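Comments concern the structure below.
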Amino acid sequence: MPEHVKLLVFKFNIMNKLKFICLGLLFTTLTWAATPYKYVIDLTRVSDDRVLVELAPPKIKQDEIIFYLPKIIPGTYAIADYGRMVSDFEAFDKKGNALLVKRLDDNTWKISNAKKIAKISYWVDDTYDNPKEGAEIFQPAGTNIAEGENFLLNTSGFFGYFEGMKKETFELNIIRPKNFYGATGLKAEATNTSLSRSLRKRDFITPDVNSTVDRFEVSDYDRLVDSPLMYSKADTAVIKVANTEVLVASYSPNNKVTAKEIATSIKEVLAAQSTFLGGKLPVEKYAFIFYFTDQPVVSYGALEHSFSSLYFMPEQTIQQMNQQLRDFAAHEFFHIVTPLTIHSEEIGSFDFNDPKMSRHLWMYEGMTEYFAGSVQVKYDLVSPDEYLDMLREKILTSAQFKDDLPFTELSLGALDTYADQYYNVYMKGALIGMALDIKLRKLSDGAYGVQDMMAGLSKKYGMEKSFQDDKLFSEIVAMTYPEVGEFLNTYVAGNTPINYEEVLAEVGVNMIEGGTTKQYSLIISQESIAAAEYNGKRMLAIGNQDKLDAMGKALGLQNGDIILKMNGDELPELGPEINNFLGGQFQKIPELETMSVTVIRAVDGEPKEMTLTAPNQQIDVPIALTLAFDENATPAQLKLRKAWLEPKN
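Every position in the sequence shown, counted from 1, becomes a number in the working numbering once 44 is added.
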């Protein structure tokens with residue numbers, strides 16, 4: 045993570061000797077500050093869905109140098125190869141003569157006569173609608189170039205660095221349309237300004253009369269990659285949370301949701317998180333950047349940064365995604381604790397092109413996900429029963445992964461060997477947080493939990509100091525109990541599955557396997573559905589009518605039926621929007637007397653649209669697992685439960 049440069053200001057008496065020394069220091073500082081990376085990117089002139097990037101490099105001392113764009117960035121745990129999106133890469137001396145450049149791989153260029161470099165120039169495609177061959181880039185870590193509409197600048201996709209020169213200052217000059225606003229967690233050095241005279245003299249991009257320039261400066265490349273920006277017509281809202289100014293920015297192509305609505309939705313959970321973290325946050329400014337798409341998507345999500353988080357989501361109304369927004373925001377905002385104030389050396393000084401993984405995804409992602417749910421139950425944003433259901437889902441989902449795989453090994457192999465196990469960091473990782481929290485509460489008679497543990501680690505390390513990856517367990521034991529070391533070595537570094545039944549029994553929660561419950565039917569299930577093409581779209585269809593529940597059988601659904609409507613509402617094509625559609629149906633169905641499903645069915649070899657109906661009724665639904673509070677819990681269990689689920693007085 046970024047290491048921030050501290051500017052030391054010296055006061056001195058004006059005596060000849062001291063004056064000479066201080067003038068020398070000042071000259072040295074100015075010489076260093078005068079040669080940062082100076083980037084210019086033009087968002088006003090798009091060519092073939094590409095934008096032009098130019099760089100005035102810092103002073104280079106060797107004859108040959110390597111220039112990189114990242115192979116991977118922190119938080120994604122997947123190869124991106126951003127350099128694939130770069131074309132027409134050129135380097136020039138101060139007279140405009142081209143220097144010899146050799147492309148070594150997707151992300152790497154070797155430049156000869158490097159001491160003479162005065163300017164580097166290249167074009168960049170976006171990742172959203174112009175994908176190149178290679179790994180799919182997680183959308184919240186991707187880039188968008190939509191002329192006149194939106195520019196999503198994950199900086200890793202546009203700006204590179206020289207080998208051995210990541211710690212220099214980076215200056216960004218962003219040429220934008222005058223009616224666009226740049227949403228970011230960065231604080232601008234200047235807005236509505238012009239390019240510096242030094243850049244204009246070196247034949248850099250010349251902004252036209254309808255554009256202006258925003259200028260940002262960051263301490264090093266880590267901080268640059270940690271700082272996404274989104275440019276579009278302004279739709280913003282600002283929330284004050286403790287000592288932090290929180291910016292909410294939204295791009296919704298059809299104006300289905302606004303930044304003000306999002307801010308209203310997440311304000312409560314942010315206030316709760318502030319209280320949870322002690323009433324003071326480690327950042328002065330934070331930005332929630334939301335990009336909503338009206339195109340069909342097969343995945344969506346969010347990516348954390350130290351001072352911001354970026355969200356890629358299907359465009360919906362605030363009512364359709366209210367709780368999901370709160371869950372997302374709660375998780376990503378907690379990343380201001382880890383990895384901002386608690387991180388290992390592998391994260392603190394990240395190698396973007398030959399990454400070394402940390403062992404501790406259980407803490408970076410798992411503990412963060414645990415806190416995202418814990419804060420909501422502690423401050424009455426979800427009920428205790430709703431919280432148990434959240435934990436139940438994580439237990440069931442984590443059971444689909446390798447439960448005997450040590451979590452430290454999963455973390456080290458998240459890029460390759462165990463990439464298919466990565467999602468478990470949000471499931472079992474959070475459950476590790478839960479189990480450790482309950483253990484700490486029991487050892488301390490309810491007085492100390494993982495919330496206190498993480499606060500202690502934050503105080504010990506902070507933004508500027510990284511911990512040694514292989515020493516974290518011993519650091520935690522030193523501030524807690526020997527039994528915690530046994531827990532970490534057995535269940536995090538070891539291959540022993542956690543006995544959740546025993547853990548939850550400590551707080552008077554019963555795990556009940558099997559059984560049934562009465563509820564209204566959504567008709568379709570994983571066992572009965574399939575996908576089918578209809579009018580160029582992938583739609584839900586009936587794949588196994590024998591697995592239909594009683595309501596589906598009462599309707600008379602058959603194998604091959606393509607579902608067009610449920611209760612008069614058009615079904616979206618296959619993708620994440622399905623979940624929100626079914627959520628809306630779940631709320632609607634209890635009020636209905638008659639259920640209806642409109643399908644396309646092959647009749648005598650010809651497709652025929654028909655609407656099937658049946659009286660609405662509750663049915664018996666099997667339950668794989670139930671978590672329930674024990675009505676006969678002991679006083680000791682109730683005391684521990686209170687410490688676990690309620691905030692400190």
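For each residue, glycine too, the CB sits at the ideal point set by N, CA and C.
Since this is a predicted model, take the numbers as computed values, not measurements.
My understanding is that residue 281 touches residue 307, with C-beta atoms under 8 Å, so please give their C-beta distance in whole angstroms. With 8 Å as the limit, residue 281 and residue 307 qualify as a contact, their Cβ atoms being about 4 Å apart.
I'd like to check one pair, residue 599 with residue 654: are the Cβ atoms closer than 8 Å? Result no, Cβ atoms of residue 654 and residue 599 do not sit closer than 8 Å.
Leaving out five residues before and five after residue 674 in sequence, what residues of the same chain have Cβ atoms less than 6 Å from its Cβ? These residues qualify, in order along the chain: 552 and 554.
Anticipated Cβ contact below 8 Å, residue 390 with residue 407, distance rounded: Not really, about 13 Å apart at Cβ, beyond 8 Å.
Determine the direct distance from the alpha carbon of residue 341 to that of residue 685, and round the result to whole angstroms. Here the C-alpha atom of residue 685 lies approximately 41 Å from the C-alpha atom of residue 341.
Looking only at DSSP bridge pairs, what is residue 647 linked to? DSSP, once it has assigned bridges, lists 650 as partnering residue 647.
Just to confirm my understanding: we take residue 499, look at its own chain, exclude 5 residues before and 5 after, and list those with CB closer than 8 Å. What are they? Cβ neighbours of residue 499 beyond the five flanking positions: 321 and 322.
Nearest CA to the CA of residue 201: which residue from 131, 560, 604 and 672? Ranking the options by Cα distance to residue 201, first place goes to 131.
Beta bridge counterpart(s) of residue 86 as assigned by DSSP: Note: residue 86 sits in a beta bridge opposite 96 and 219.
Could you give the first and the last residue of the continuous beta strand (DSSP E) run that contains residue 584? Here the beta strand (DSSP E) through residue 584 covers 581-586.
Where residue 78 falls: helix, strand or coil (DSSP): Since pLDDT at residue 78 reaches only 45, below the 50 mark, its modelled position is unreliable, and no value is offered.
Within 10 angstroms of its Cβ, does residue 452 collect 16 or more other Cβ (buried), or is it exposed? When all chains shown are included, residue 452 counts as buried.
Do you know how far the Cα of residue 511 is from the Cα of residue 454? Distance between the alpha carbons of residue 454 and residue 511 is about 20 Å.
Tell me the rounded alpha-carbon separation between residue 488 and residue 626. Those two C-alpha atoms are separated by around 44 Å.
Alpha-carbon to alpha-carbon, residue 671 and residue 691: Cα to Cα, the separation comes out at about 22 Å.
Suppose you measure from the CA of residue 226 to the CA of residue 256; what does that come to, to the nearest Å? Answer to the nearest angstrom: the Cα atoms are 12 Å apart.
Measure the alpha-carbon distance for residue 105 versus residue 211 and round it to whole angstroms. Between the C-alpha atoms of residue 105 and residue 211 there is a straight-line separation of about 15 Å.
State whether the region 524-536 contacts the region 601-618, with contact taken as three or more CB pairs (one from each stretch) at a distance under 8 Å. Segments in contact, no.
Do residue 260 and residue 233 have their beta-carbon atoms positioned less than 8 Å apart in this structure? Contact flag set, yes.
Taking its Cβ as the centre, do 16 or more other Cβ atoms sit within 10 Å of residue 148, making it buried, or is it exposed? Flag for residue 148 reads exposed.
Residue 333 to residue 693 span [Cα, whole Å]: Looking at the two C-alpha atoms, the distance is approximately 34 Å.
From 109, 129 and 114, residue whose alpha carbon lies closest to that of residue 92: Checked all of 109, 129 and 114; the closest Cα to residue 92 is 129.
CB residue 182 to CB residue 122, shorter than 8 Å? Yes, the Cβ-Cβ distance between residue 182 and residue 122 is below 8 Å.
Output yes or no for whether 8 Å exceeds the beta carbon distance between residue 287 and residue 325. Taking 8 Å as the Cβ cut-off, residue 287 and residue 325 qualify as a contacting pair.
Per DSSP, cross-strand counterpart(s) of residue 662: In DSSP, residue 662 forms a bridge with 564.
If the criterion is Cβ atoms closer than 8 Å, does the pair residue 414 and residue 421 meet it? Cβ distance not < 8 Å, so residue 414 and residue 421 don't count as in contact.
Judging by CA-CA distance, which residue of 241, 446, 583 and 474 is the nearest neighbour of residue 463? If you compare the alpha carbons of 241, 446, 583 and 474 with that of residue 463, the shortest gap goes to 446.
Sorted by chain position, which residues of the same chain lie with C-beta nearer than 6 Å to residue 138's C-beta, five sequence neighbours on each side aside? Sequence-distant Cβ neighbours of residue 138 in its own chain, meaning closer than 6 Å and more than five residues away, are 162.
Tell me residue 142's beta-bridge partners as DSSP assigns them. In DSSP, residue 142 forms a bridge with 136.
With C-beta atoms as the reference, is residue 376 less than 8 Å away from residue 348? Inclusion of residue 376 and residue 348 in the CB contact set at 8 Å is warranted, their separation being smaller than that value.
Grab me the residues of residue 677's own chain with a C-beta within less than 6 Å of its C-beta, minus the 5 sequence neighbours each way, in chain order. Around residue 677, the same chain offers 552 as residues with beta carbons nearer than 6 Å, after the five sequence neighbours per side are excluded.
Proximity to residue 412 [Cα-Cα], best of 438, 613, 383 and 427: Shortest Cα-Cα distance from residue 412 to any of 438, 613, 383 and 427 involves 383.
Just how far apart, CA to CA, sit residue 436 and residue 380? One alpha carbon belongs to residue 436, the other to residue 380, and they sit about 27 Å apart.
Do the region 472-479 and the region 538-545 touch if we need at least three Cβ pairs shorter than 8 Å? Per the Cβ contact rule, the region 472-479 is in contact with the region 538-545 (3 or more Cβ pairs under 8 Å).
Quick one: is residue 666 buried, meaning 16 or more other Cβ sit within 10 Å of its Cβ, or exposed? By the neighbour-count rule (16 or more Cβ atoms within 10 Å), residue 666 is not buried but exposed.
Report yes if the CB atom of residue 82 is closer than 8 Å to the CB atom of residue 215, and no otherwise. Contact: yes.
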